[in-house]
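>
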Amino acid sequence: MGEGHNYFERGNLDVFSGLGPCTSSPPCRLNLTSDGSGAHHGWYCNYVEVTTTGPHAGCAQQLFTVEQWLATDTSPYRLYALRDNCAASAAGKDETTELPTAGLI
1 MGEGHNYFER
11 GNLDVFSGLG
21 PCTSSPPCRL
31 NLTSDGSGAH
41 HGWYCNYVEV
51 TTTGPHAGCA
61 QQLFTVEQWL
71 ATDTSPYRLY
81 ALRDNCAASA
91 AGKDETTELP
101 TAGLI
């Protein structure tokens, strides 16, 4: 996102990037957590799409449907959303990978 972009604003599609260890398959688990800071800290997340690639590696994507508020003042009254697509991923592959969360946001 460009300089001056306001993240987590109504109607925005926010894009984040990060680095992590190379994996042999796309991530299959997601722990999306808000720190709850700031005024009007609650936010609604429709989905998270993770794209992985690396040197001499193809591109892989995993879609996590969230459809949940991350807030303490509206249902489900928590600042995190856990999604596990590993069973679905394993049905088509022998290996699954959990996405490292450190340093992504």
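Throughout the sequence shown, residue numbering follows full-length UniProt numbering, covering 1 to 105 in sequence. Ideal placement from N, C-alpha and C gives every residue a C-beta, glycine not left out.
Is the beta carbon of cysteine 45 less than 8 Å from the beta carbon of leucine 13?
Along the sequence shown, read from residue 1 onward, the residue named residue 45 stands at position 45. Along the sequence shown, read from residue 1 onward, the residue named residue 13 stands at position 13. No, Cβ-Cβ distance for cysteine 45 and leucine 13 is not below 8 Å.
> With 16 other CB atoms within 10 Å as the buried threshold, where does asparagine 34 fall?
Along the sequence shown, read from residue 1 onward, the residue named residue 34 stands at position 34. A small fix is needed here, since residue 34 is serine in this sequence, not asparagine. When all chains shown are included, serine 34 counts as buried.
> Can the beta-carbon of leucine 30 be found closer than 8 Å to that of valine 15?
In the sequence shown, residue 30 corresponds to position 30, counting from 1. In the sequence shown, residue 15 corresponds to position 15, counting from 1. For leucine 30 and valine 15, no; Cβs fall outside 8 Å.
> With a threshold of 8 Å, are at least 3 pairs of Cβ atoms found where one atom belongs to the region 35-42 and the other to the region 71-91?
Yes, they touch.
> Among the residues of its own chain, which have a CB less than 7 Å from the CB of leucine 63, if the five just before and after it don't count?
In the sequence shown, residue 63 corresponds to position 63, counting from 1. Tyr47, Glu49, listed in sequence order.
> Assuming the contact rule is C-beta atoms closer than 8 Å, valine 66 and arginine 83 should be a hit. Round their C-beta distance to whole Å, please.
Taking the first residue of the sequence shown as position 1, residue 66 is located at position 66. Taking the first residue of the sequence shown as position 1, residue 83 is located at position 83. Their Cβ separation, rounded to whole angstroms, is 7 Å, which keeps valine 66 and arginine 83 in contact under 8 Å.
> Drop a sphere of 10 angstroms on the beta-carbon of alanine 57, count the other beta-carbons inside from all chains shown, and report buried for 16 or more, exposed for fewer.
If you number the sequence shown from 1, residue 57 lands on position 57. Exposed.
> Measure how close the beta-carbons of alanine 81 and leucine 32 come, nearest whole angstrom, since I'm counting them as under 8 Å.
Sequence index remark: in the sequence shown, residue 81 carries index 81 (1-based). Sequence index remark: in the sequence shown, residue 32 carries index 32 (1-based). Right, the Cβ-Cβ distance comes to about 5 Å (below 8 Å), so this counts as a contact.
> With the cut-off set at 8 Å, would you say cysteine 86 and cysteine 28 are in Cβ contact?
Walking along the sequence shown from the start, residue 86 turns up at place 86. Walking along the sequence shown from the start, residue 28 turns up at place 28. Yes; because the gap between Cβ atoms is below 8 Å, this pair is in contact.
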